[in-house]
Every structure is written in structure tokens, then in C-alpha cells.
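In what follows, a single structure is set out as C-alpha cells and then discussed.
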Amino acid sequence: MRTVYVNGDYLPETEAKVSIFDRGFLMADGVYEVTSVLDGKLIDFDGHAVRLQRSLDELDMASPITKDDLLEVHRKLVRLNGIEEGMIYLQITRGAPDDRDFAFPDPETTPQTIVLFTQNKPGLADNPAAKKGMKVISIDDIRWGRRDIKTVQLLYPSMGKMMAKKAGADDAWMVQDGFVTEGTSNNAYIVKGNKIITREKSNDILHGITRAAVLRFAREAQMEVEERNFTIEEARAADEAFITSASTFVMPVVEIDGVPLGDGTPGRVAPRLREIYLDESRKAAV
Ligand code: PLP
């Protein structure tokens with residue numbers, strides 16, 4: 001039985017409740033963050049807090065909590081639930097007005113809803129999937145035009161995941177106008193020679209917190225990074241590919257649309273970046 005956080009209270013998960021009029025439920029009018037926990041500490045908390053504020057600002061939504069208090073809630077949930085390795089999910093919605101209405105409610109009379117819960121994932125860092133690598137398929141990217149805002153509108157990414165499962169793969173890379181945008185819940189990269197290639201930041205992709213850290217570490221390790229569009233054809237012909245996200249860190253991709261990359265096993269670059277990312281992030285964890 002988890003202890004979760006709802007609007008200022010720490011409660012057993014079975015007692016935590018949100019109104020049926022909540023705009024997160026009725027309209028996907030909410031934003032979220034997922035922060036990983038290693039050694040009982042938060043990975044890249046600051047990056048997630050900054051992106052959360054940006055998502056709220058872009059949607060004209062007030063923040064119901066200060067950054068310091070948010071850190072305290074994260075830490076308390078980790079402590080109360082005894083999390084050594086896992087994730088913390090955070091969601092803020094525009095709250096629950098008295099009735100359903102397309103217009104935003106007045107924030108003075110309708111406070112935002114905030115919920116947080118932990119997900120216990122022992123072995124997250126030592127994930128055997130990282131040794132094997134994952135398979136992806138390509139699908140059309142038909143999401144909305146503000147993917148840089150981390151909203152809870154996750155129906156299409158969820159459908160993409162199911163399309164991948166049905167095809168015997170692990171995830172889907174989405175393609176828009178011939179170019180890969182990102183994975184259903186991760187950023188996408190290919191490696192050609194010594195060059196790491198990933199789409200540049202824009203409204204078309206989520207600005208991954210792991211992406212920012214991994215690109216920084218790659219540059220510090222004298223690896224060449226190119227932020228530009230790439231096609232699925234270029235990806236299929238790449239030496240290596242990988243994804244990044246807060247819950248998978250760096251994960252090698254070994255097959256795209258049934259085509260194995262190289263010899264079909266993780267190459268040199270992705271496993272090395274995973275190691276560097278895990279080492280450095282653990283050192284900086286709070
Ligand atoms: N892209 C999408 C669409 C995502 O949903 C996510 C994470 O959920 C990411 C990228 C990776 O972002 P982060 O590294 O901040 O977890």
C-alpha cells in the first residue's frame with residue numbers, strides 16, 4: 001500500500017480521490033513530470049522542476065506549489081515508501097470547477113489539483129533490457145503541435161506503444177513529414193561513425209531532461225553531436241541507435257522496422273553513454 005500525495009495531504013493510495021469535474025479527467029488539461037530515483041535520491045530534480053514551470057506557463061496555469069516544497073514532497077514520498085530505485089510521477093491539472101465548461105475556470109476560485117505517487121522499480125539501473133537492446137517500429141506522428149509541453153494527452157503515444165507490441169517490438173518512433181520526431185515516451189538518436197544525431201529542440205518534440213544531460217556528457221567526452229532531422233531510412237542504415245528518458249536513462253535500439261542495426265546487438269556508443277549518464281547522475285542526485 002503506497003502513500004501518495006493529493007493537494008497537500010499524504011494518504012494511503014486507496015483513500016486518495018480527485019473530483020469527476022477535474023479538468024485533467026475531462027479535458028486532459030494537465031501537465032506531468034516523471035523523476036527517477038536511484039540510491040533513494042532524485043535524479044535531475046532541478047531540470048524536471050524547471051520544465052514543469054515552463055509547461056504550466058505555456059498553458060497559463062498557476063503553480064499550486066513552490067519548487068522548495070515540491071522537492072520536500074518528492075523526498076518525503078521516497079522516504080515514506082522506502083524507494084531505493086524507481087520513479088515519482090507528478091501531475092498538476094487546472095483543477096475541478098463546479099461544472100464542465102470549455103472556458104478555463106478562474107484560478108482564484110478553482111485551485112489546481114496536484115497529485116504525486118511513487119513507482120517502485122528495483123533493478124531500474126541494472127535493467128537487463130539495456131544489455132539486449134530494444135526493437136522499434138515507425139508510425140505516423142499525428143499528435144498535436146505543442147509536444148514541447150508535457151501534457152497528459154497521452155492517448156496516441158499509448159496507441160503507438162500498442163502498435164509496437166502487436167508488431168512484436170518494444171516501442172514506436174514517430175515520423176512527421178519524413179523525419180523522425182521521437183519515441184512514444186522518449187527521445188530518439190542514431191549514431192553514424194562517431195557522430196550522435198538527434199532532432200533539434202522545437203515544438204515538435206519534448207525537450208527531454210535526460211536528452212539535455214546525455215548531450216552534455218557526450219560533448220564533454222569529446223563525442224560529436226549533431227542536432228538535426230533524420231529519416232527512418234537513415235536510421236535503418238545507422239551503426240547504432242538509442243533512446244533516452246527519465247525512466248530508461250539511455251537504452252540501445254537494435255532493430256528498426258524489422259531491420260537489425262549493425263550486428264543486431266548494442267554497439268559501443270549507447271552502452272558507454274548509459275554508463276556515463278548513470279555515474280554522473282548518481283553523483284549529482286539530491
Ligand atoms: N519524449 C516524450 C514524448 C516523452 O514522453 C518523454 C518522457 O516522458 C521524453 C521524450 C523523455 O523526456 P525525459 O528525458 O525528460 O524523461
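Position 75, counted from 1, in the sequence shown is what the UniProt record's numbering calls 75; the numbers after and before it change by one each time, with no gaps.
We put the beta carbon where it would ideally sit given N, CA and C, even for glycine.
What you are looking at is a predicted structure, and each value in this text was computed from that prediction instead of being measured.
What do you reckon, are the CB atoms on residue i and residue j nearer than 8 Å?
i, j, result
"residue 133", "residue 112", "no"
"residue 208", "residue 187", "yes"
"residue 157", "residue 185", "yes"
"residue 190", "residue 234", "yes"
"residue 150", "residue 275", "no"
"residue 167", "residue 142", "no"
"residue 225", "residue 30", "no"
"residue 88", "residue 37", "yes"
"residue 172", "residue 277", "no"
"residue 250", "residue 273", "yes"
"residue 85", "residue 122", "yes"
Roughly how many whole angstroms lie between the Cα atoms of residue i and residue j?
i, j, result
"residue 244", "residue 56", "23 Å"
"residue 118", "residue 2", "8 Å"
"residue 253", "residue 98", "47 Å"
"residue 267", "residue 130", "11 Å"
"residue 247", "residue 106", "35 Å"
"residue 259", "residue 180", "16 Å"
"residue 230", "residue 200", "10 Å"
"residue 4", "residue 78", "10 Å"
"residue 15", "residue 115", "13 Å"
"residue 65", "residue 72", "11 Å"
"residue 284", "residue 124", "18 Å"
"residue 52", "residue 205", "15 Å"
"residue 262", "residue 281", "29 Å"
"residue 221", "residue 8", "43 Å"
"residue 162", "residue 144", "19 Å"
"residue 269", "residue 60", "40 Å"
"residue 17", "residue 68", "25 Å"
"residue 109", "residue 80", "32 Å"
"residue 146", "residue 43", "26 Å"
"residue 27", "residue 264", "42 Å"
"residue 35", "residue 83", "12 Å"
"residue 279", "residue 74", "22 Å"
"residue 169", "residue 126", "21 Å"
"residue 198", "residue 211", "9 Å"
"residue 76", "residue 227", "38 Å"
"residue 286", "residue 219", "24 Å"
"residue 301", "residue 90", "There is no way to answer for residue 301, as the model of the chain reaches only from 1 to 286."
"residue 6", "residue 178", "42 Å"
"residue 288", "residue 217", "In the structure as shown, the chain starts at 1 and stops at 286, and residue 288 therefore has no counterpart that could be examined."
"residue 54", "residue 19", "26 Å"
Out of the options, which has the shortest C-alpha to C-alpha gap to residue i?
i, options, result
"residue 236", "255, 213 and 39", "255"
"residue 101", "154, 282, 6 and 21", "21"
"residue 192", "177, 238 and 154", "238"
"residue 155", "5, 280, 69 and 25", "25"
"residue 70", "84, 81, 49 and 40", "49"
"residue 139", "104, 81, 147 and 182", "182"
"residue 242", "10, 216, 40 and 271", "271"
"residue 40", "164, 120 and 228", "120"
"residue 104", "170, 175, 218 and 62", "62"
"residue 148", "58, 286 and 19", "58"
"residue 176", "23, 286, 232 and 6", "232"
"residue 240", "135, 12 and 13", "135"
"residue 165", "219, 257 and 47", "257"
"residue 194", "223, 217 and 174", "223"
Just to confirm the assignment, what range does the beta strand (DSSP E) spanning residue i have?
i, result
"residue 188", "187-192"
"residue 242", "240-245"
"residue 138", "134-140"
"residue 12", "9-12"
In the DSSP assignment, what residue or residues form a beta bridge with residue i?
i, result
"residue 86", "37 and 120"
"residue 25", "BP columns for residue 25 are empty, so no partner."
"residue 42", "37"
"residue 176", "179"
"residue 171", "136"
"residue 78", "Paired residue(s): none; residue 78 is not in a bridge."
"residue 3", "12"
"residue 259", "256"
"residue 31", "92 and 151"
"residue 113", "93"
"residue 198", "189 and 227"
Along the chain, where does the alpha helix (DSSP H) that runs through residue i open and close?
i, result
"residue 271", "269-284"
"residue 152", "Element bounds for residue 152: n/a, residue is neither H nor E."
"residue 248", "That residue, residue 248, is in no alpha helix (DSSP H); it is neither H nor E in DSSP."
"residue 232", "232-236"
"residue 18", "Neither: residue 18 is in no alpha helix (DSSP H) and is coded neither H nor E."
"residue 206", "Residue 206 -> no alpha helix (DSSP H), and no H or E assigned at all."
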